[in-house]
Amino acid sequence: MIAAWARLWTIPVACADAGVRMVETMTFAPLVVQGRLPAIQDAISDPWSADHAELRRMVGEKMVAWSKAAVSLQRDAMTLAFRPLSRNPTQMWSDWTSMIEIACRMPGRSHRPIHRAVVANHRRLSSKRTQQTP
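Okay, so the sequence shown: first residue is 20 according to the numbering used here, each after it adds one.
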């Protein structure tokens, strides 16, 4: 029971970490779009010599990241829904605190795959831009 209460003290740190990741995502997402616009423009003007690998990444990476986010939300929601049914009633306080912990950490956990994809794309595209700049 002490461990369950102690975990509640880490929730503000997890929320702050999720907030930082969300701000990074909001900062880097427009830069990723800006970095990919030349590839889209080149594909429109000359489809045969377009960067098809980059164009495929645009869709595939989004689908993977959003799918992982959805799986994370579903897993946490199922844990919240079924944990009280699968435990001993005498562990009510432990269940209560773990349910709060899961609910508070859901946004950060579900956002993590999207953040990873955006940050990785930003790093890759910015290094690609610096290599192209004379």
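All residues carry an ideal CB built from backbone N, CA and C; glycine is no exception.
Quantities reported herein were computed from a predicted structural model and do not represent experimental measurements.
Tell me which residue opens and which closes the alpha helix (DSSP H) that residue i is part of.
i: A69; result: From DSSP, A69 is part of no alpha helix (DSSP H); its letter is neither H nor E.
i: T29; result: Unbroken run through T29: none, as it is neither H nor E.
Kindly indicate which residue of the options has the alpha-carbon position closest to the one of residue i.
i: R142; options: W28, F47, Q93 and L74; result: F47
i: S91; options: T116, A122 and W115; result: A122
i: E120; options: D61, D95 and R40; result: D95
i: R148; options: K87, P57 and M45; result: P57
i: T98; options: G38, R26, W115 and I59; result: W115
i: M125; options: D36, A25 and I59; result: D36
i: A62; options: M82, R75 and L50; result: R75
i: R135; options: M45, W67, Q93 and A100; result: M45
i: R128; options: Q150, E73 and W85; result: W85
i: S145; options: T29, V51, L27 and A33; result: V51
Please work out which residues of its chain come closer than 7 Å, Cβ to Cβ, to residue i, disregarding the five sequence neighbours upstream and downstream, and give them in chain order.
i: M77; result: R55
Following a CB-centred definition, is residue i positioned closer than 7 Å to any heavy atom of the ligand ATP?
i: P31; result: The ligand ATP is not part of this structure, which contains no ligands at all.
Apart from the five residues on each side of it in sequence, which residues of its chain come closer than 8 Å, Cβ to Cβ, to residue i?
i: H130; result: A37, R40, M41, T44 and A88
i: E73; result: R55 and A58
Who are the near neighbours of residue i in its chain, counting only those whose CB is closer than 6 Å to its CB and skipping five residues on each side?
i: P132; result: A84, K87 and A88
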